[in-house]
RNA sequence: CGGGGCGUAGCGUAGCCUGGCUAACGCGCAUGCUUUGGGAGCAUGAGAUCCCGGGUUCGAAUCCCGGCGCCCCGACCA
C-alpha cells in the first residue's frame with residue numbers, strides 16, 4: 007500500500023509532507039470544494055464544497071434549535087456609529103471594516119459597514135423588544151455571511167467574506183448567561199467530534215486571545231495533521247458590556263431597571279478547512295461518512311453494451327437497498343482507474359466496483375478510502391454491510407485523529423523545554439501557568455506559539471508556572487495556530 | 001504597509017535579453033474510431049485584445065514611460 011501511494015496515485019496535488027500549505031490549496035481546489043474568485047480574498051464555494059458545508063450546517067442548526075434558539079435575520083449593513091459604541095469592540099474590529107460610503111449615486115450621510123459580526127446591530131434592535139424580565143431570555147441565531155478585511159487569506163480558513171452562524175442571547179442573570187456560553191460550546195464540540203470526527207480541546211481563552219468586547223471567550227481547538235491548532239468555534243460571555251453600551255435594559259422582578267447579560271457564539275465555513283486538514287492525506291480529501299456529500303461511489307466496469315445493461319440491472323436492487331445512503335453511480339465515459347483516483351481525491355469514504363467478474367460471483371468489490379482495503383461483498387448483503395462500514399469508518403477517522411493528537415501532545419514544566427519542543431517538534435504542549443500576559447509574550451517571541459485554551463484549574467498541589475515560576479493557577483495548552 | 005516574483009488560448013508555460021514570416025508547446029475542450037478491474041491511444045478540430053494606456057520604430061509579445069491586477073514572504077484574525 008505504501009509504495010502505491012509513493013508511486014503517485016494522485017498526481018495533481020503536492021505532497022502533504024513536503025508542502026503542507028500547497029497541499030491544502032491543491033486539495034481544496036482539485037477536489038472542487040472551492041476556488042479563487044475574481045475578487046481578491048474572496049472564494050467561490052463550489053457545489054461539492056457547499057454540500058459538505060450543508061452537511062455540517064444542518065445538524066448544527068438542529069443542535070441550536072434543540073437548545074431553544076430561533077433563527078432571525080438582521081441587516082448586513084451596519085451604521086458605523088453602531089459599531090463605535092463599545093470601545094474594545096471597535097478597537098478590535100475597525101481595521102477589518104469594509105465600508106459602503108455611497109448609495110443611490112450620492113455620498114451617504116453615515117457610512118455603512120458590511121457586518122463583521124452582529125453584536126451591535128442585534129443589541130440595537132433588541133432594545134425595543136426587551137422590556138421586562140418576562141421577555142428574557144432571548145435566544146437568537148442567524149445564518150449569514152460576514153466580511154472582515156484580512157490581509158492574508160486562505161480558502162475556507164481566512165477569507166474576506168465567509169459564511170457562519172452567529173448566536174446572540176440575552177439573559178436575566180450572569181449565571182444563566184455563563185451557562186449558555188458553556189452549553190453552546192458543548193454543541194460545537196459535538197459537531198466537531200461526532201460529525202466532523204475532529205477531536206477538540208475545549209476551554210477558556212486567555213485574555214489576549216479573547217473576542218474584542220468580551221469578558222471572556224471559550225473555544226474548541228482541533229489539531230491539524232501538521233500539528234498546528236485550528237480554532238473551530240468560539241463562545242463568548244459579555245457580561246453587560248454590550249447591553250450597557252447600547253442602553254438595553256429591562257425591568258426586573260423587583261421593579262428596578264437592569265442590564266441583561268449577553269453572549270454570542272459562532273461556527274463558520276472554516277470548519278470545512280478543519281475537515282480537510284485533520285483527515286486528508288497525499289491522495290487528497292478524506293471525509294467522515296456523516297458529512298460526506300457522497301458516501302458511496304459506485305464505479306461500473308464494463309466492455310460491451312450488454313455488460314453495461316447487466317450491471318445497470320443489478321444496480322437497481324443495490325440502489326434500493328442503499329436508499330438511506332448518499333450513493334452516486336459514476337457512469338461517465340472515463341476509464342475506471344481515472345474514476346478511482348478522482349473519487350479518492352474527493353474523499354468519498356467507500357467505493358463499490360461492480361463488473362463482469364463480480365457479477366459472475368454475485369458480488370461487488372468494496373474499497374475503503376481509509377486504507378484502500380478491498381473486500382468482496384455479496385450483492386444481497388450491501389444493505390446491511392455498507393451502513394456498518396460507514397459507521398466503522400466514521401469511528402476510525404475520529405480515533406485516528408485523536409491518537410494523532412495524543413501522540414503530539416506533551417506535558418512540560420519549563421520554558422526551556424517548551425522552546426525546545428516547538429523548535430524540534432509539532433503539536434501541543436500542556437503546562438501549568440500563572441495566567442500572566444507577559445508569559446504569553448515571552449513564549450510567542452521565542453516560539454511563535456500561543457495559548458490555545460485553558461484546560462482547567464491546576465491541581466490542589468500548587469505547581470510553579472512553567473514560564474515564570476510564580477504559583478500556577480491553571481493548566482494551559484500551547485500551540486502554533488492558524 | 002515593507003521585501004520578492006509574475007501578467008501570452010480555460011489552465012500551465014516557451015518566446016522577450018539580441019524587435020522581423022501565419023505567436024509555439026503541454027494539459028484541458030469538441031468530434032470520430034479503438035479502448036475500459038488503478039489517471040488510455042490515434043486522428044481531426046475549435047480556441048489569443050500577448051494585462052491596460054502612451055511612446056520609439058518601416059515594423060513591438062519583445063525596447064522605453066506610466067498605470068492596473070495577481071501571487072509569495074514579514075505585523076492582525078472565525
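In the numbering used here, the protein residues as written are 7 to 488.
Virtual Cβ for every residue (Gly too), placed ideally from N, Cα, C.
| Query | Result |
| --- | --- |
| If residue 251 sits next to residue 91, beta carbons under 8 angstroms apart, how far is it from one beta carbon to the other, in whole angstroms? | 5 angstroms |
| Give the straight-line distance between the Cα atoms of residue 289 and residue 30, rounded to the nearest whole angstrom. | 11 angstroms |
| Please identify the residue among 308, 271, 350 whose C-alpha is closest to the C-alpha of residue 302. | 350 |
| For residue 204, which three-state DSSP category applies? | coil |
| Could you name each continuous beta strand (DSSP E) segment of 3 residues or more that falls completely within the region 428-474, going from the start of the chain to the end? | 434-439, 456-463 |
| Please name the residue in 445, 410, 233, 481 whose C-alpha comes closest to that of residue 421. | 445 |
| I believe residue 458 touches residue 483 by the beta-carbon criterion, under 8 angstroms. Please report the beta-carbon distance rounded to the nearest angstrom. | 5 angstroms |
| Go through its chain and collect everything with a Cβ distance to residue 155's Cβ below 7 angstroms, but skip five positions before and after it. | 102, 103, 104, 166 |
| Looking at the structure shown, is residue 368 part of a helix, part of a strand, or coil, going by DSSP? | coil |
| In or out: residue 151 buried (at least 16 other Cβ within 10 Å) or exposed? | exposed |
| Quick one: give me the first and last residue of the beta strand (DSSP E) that residue 237 is part of. | 235-245 |
| Please report the straight-line C-alpha distance between residue 223 and residue 216, rounded to a whole angstrom. | 5 angstroms |
| Locate the alpha helix (DSSP H) running through residue 26, then write down its first and last residues. | 26-36 |
| With DSSP collapsed to three states, give me the class of residue 168. | strand |
| Determine the burial state of residue 261: buried for a count of at least 16 other Cβ atoms within 10 Å of its Cβ, exposed for fewer. | exposed |
| Can you tell which of 58, 146, 159 has its C-alpha closest to the C-alpha of residue 45? | 159 |
| Can the beta-carbon of residue 146 be found closer than 9 angstroms to that of residue 132? | yes |
| Would you call residue 403 buried or exposed, if buried means 16 or more other Cβ atoms sit within 10 Å of its Cβ? | buried |
| Hey, which unbroken runs of the beta strand (DSSP E) at 3 residues or more fall wholly within the region 329-400? | 333-335, 356-360, 369-374, 380-384 |
| For residue 96, I'd like the list of residues in its chain whose CB is within less than 7 angstroms of its CB, leaving aside the five on either flank, ordered along the chain. | 89, 90 |
| Can you give the Cα-Cα distance for residue 265 and residue 282, rounded to whole angstroms? | 43 angstroms |
| Which full runs of the alpha helix (DSSP H) of 4+ residues lie inside the region 275-317, going along the chain? | 276-285 |
| Going by DSSP, which residues form a beta bridge with residue 83? | 120 |
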